[in-house]
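Participant:
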Amino acid sequence: SAVISQKPSRDICQRGTSLTIQCQVDSQVTMMFWYRQQPGQSLTLIATANQGSEATYESGFVIDKFPISRPNLTFSTLTVSNLSPEDSSIYLCSVGRDRLPYEQYFGPGTRLTVT
Amino acid sequence: DQQVKQNSPSLSVQEGRISILNCDYTNSMFDYFLWYKKYPAEGPTFLISISSIKDKNEDGRFTVFLNKSAKHLSLHIVPSQPGDSAVYFCAASSGNTGKLIFGQGTTLQVKP
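Chains as they are written, first to last, in our numbering: chain R, 2 to 116; chain D, 18 to 129.
1) For Y49(D), which residues in chain R fall below 8 Å Cβ to Cβ?
2) Determine whether the beta carbon atoms of D48(D) and K22(D) lie at a separation below 7 Å.
3) Here's the rule I'm using: 16 or more other beta-carbon atoms within 10 Å means buried, otherwise exposed. How should I110(D) be labelled?
4) Given that G120(D) touches chain R, what residues does it touch there, using C-beta distances under 9 Å?
5) Answer yes or no: does any C-beta atom of chain D fall closer than 7 Å to that of F107(R)?
6) Starting from S68(D), find everything on chain R with Cβ-Cβ shorter than 9 Å and list it in chain order.
7) Show which residues of chain A have a CB atom less than 8 Å away from the CB atom of T49(R).
8) Taking DSSP as the reference, what is the three-state secondary structure of E87(R)?
9) Could you check if P61(D) is buried or exposed, using at least 16 other CB atoms within 10 Å of its CB as the buried criterion?
10) Could you compute how far the alpha carbon of N74(D) sits from the alpha carbon of L51(D)?
11) My assumption, with CB atoms under 8 Å, is that L44(R) sits in contact with Q38(R). Please give the rounded CB distance.
12) F76(R) lies in the beta strand (DSSP E); which residues open and close that run?
13) Cα-Cα, which of G53(R), S54(R), R11(R), L79(R) is closest to S95(R)?
14) Consult DSSP for P68(R) and reduce its assignment to one of helix, strand or coil.
15) Report the CB separation of I91(R) from R71(R) in whole angstroms; it is logged as a contact under 8 Å.
16) Output needed for F76(R): all residues of its chain with C-beta closer than 6 Å, excluding positions within five of it in sequence on either side, in chain order.
17) Mapping DSSP to helix, strand and coil, what is D48(D)?
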C-alpha cells in the first residue's frame with residue numbers, strides 16, 4: 002500500500018473564497034481519485050485524476066467548481082471554488098491499485114468548514 | 018439511486034462475540050466488493066475484498082460472504098475486539114475503471 006498525505010488537514014474558509022487541497026503519494030501511481038464525505042454521509046466520488054490528461058468528473062460535479070491538477074504520478078490538487086456552507090465536508094484523495102481487485106488507499110482527509 | 022446500501026447505521030456487540038455487518042447492492046455488473054474501516058479523523062483503511070465469482074473470502078478474523086442471487090454481502094468479525102470499533106463501509110466496483118461506489122457505512126461499537 003502507498004503512503005498518502007494531504008494538506009491542509011483542516012481549514013475554515015469564508016463563503017466565496019477557494020481552498021486548494023494537496024495530495025502527495027510516496028510512490029508513482031496511475032490512478033488517483035478525489036472523494037467528498039459530507040457530514041453523516043457516505044464517500045462520494047468527485048473525479049478521477051489522470052496524469053497528463055483532464056480529470057474525469059462524476060455526475061453532479063463540474064470542473065469550474067472542482068478544478069483538479071495532476072502534474073505528475075505522485076501529486077494532485079483539488080480546488081473547491083466559490084465556497085458555500087454546503088461545501089463543508091471532508092475531502093479525501095485516494096490511489097488505486099492498477100490490478101485486481103483495484104482496491105484504493107486513502108489519505109487522511111481534509112476537513113473543510115465554510116462560514 | 019443508491020446502488021450500495023448499508024441499512025444498519027449502527028451495531029453494538031460484546032467483546033469476543035461475532036460482529037456481522039451487512040450490505041446490499043442493486044447493480045449486477047459489480048465484479049468486486051470491498052470492505053473498509055474508518056476511524057475518526059483518518060481516511061478509510063482497506064480490510065478485505067471478494068470477487069463476484071466467489072462466495073467467501075477469509076483473512077484472519079475477517080470473513081466476507083457474498084450471495085449473488087440475493088445481491089447481498091456481509092462482513093463477519095470473529096472474535097470482535099474493542100479496537101474494531103469504527104465505521105465500516107462496503108464498496109463495489111465494476112470493470113477496470115477503478116471507481117468505487119460506497120455504502121452509507123455502519124458504526125460498530127465493541128463493548129469490553
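By construction, the Cβ of each residue, glycine as well, lies at the ideal position given by its N, Cα and C atoms. Remember, it's a predicted structure, so these values are computed and weren't measured experimentally.
Facilitator: Walking through what the data contain:
1) L101, P102, Y103
2) no
3) In the sequence under discussion, the amino acid at residue 110(D) is Ser, which differs from the Ile named in the question. The residue is buried, with at least 16 neighbouring Cβ atoms inside 10 Å.
4) S43
5) yes
6) L101, P102
7) No chain A appears in this structure, whose protein chains are R and D.
8) helix
9) buried
10) 11 Å
11) 5 Å
12) 76-81
13) L79(R)
14) coil
15) Not really, about 21 Å apart at Cβ, beyond 8 Å.
16) Q25
17) coil
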